[in-house]
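Engineer: Right, I'll just put the structure down here and ask away after.
Residue numbers (my numbering): 220 to 293.
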């Protein structure tokens, strides 16, 4: 059984192009982070990139949650 928030996310994924775009962007950042995580050692540049990607991924997640919150308020 899904929660009301999960149901809203599913509706947004089905109907909201902005939410879909953000979800794709979030998945892309997650994949890049997974690729970095698979390495045994990160050089300095890769460590900087990892931090940058984590911040971007979090920012996108925040934007997605803002859309969910707005949808709940309507």
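Don't be surprised by glycine CBs; every beta carbon is placed ideally from N, CA and C.
All figures in this text were calculated on a predicted structure; none of them were measured in a lab.
Mapping DSSP to helix, strand and coil, what is residue 222?
Structural biologist: It is coil, neither helix nor strand.
Engineer: Give the range of the alpha helix (DSSP H) segment to which residue 292 is assigned.
Structural biologist: First-last of the alpha helix (DSSP H) with residue 292: 263 to 292.
Engineer: Can you round the beta-carbon distance between residue 255 and residue 269 to whole angstroms, since I take them to be within the 8 Å contact cut?
Structural biologist: Indeed, because the Cβ distance is near 5 Å, the residues count as touching under 8 Å.
Engineer: Just to confirm, is the Cβ distance from residue 274 to residue 252 under 8 Å?
Structural biologist: Their beta carbons are not under 8 Å apart, which means residue 274 does not touch residue 252 by this criterion.
Engineer: Could you name the residues of the same chain whose beta carbon sits closer than 8 Å to that of residue 265, not counting the 5 residues immediately before and after it, in chain order?
Structural biologist: Here the set comprises 255, 258.
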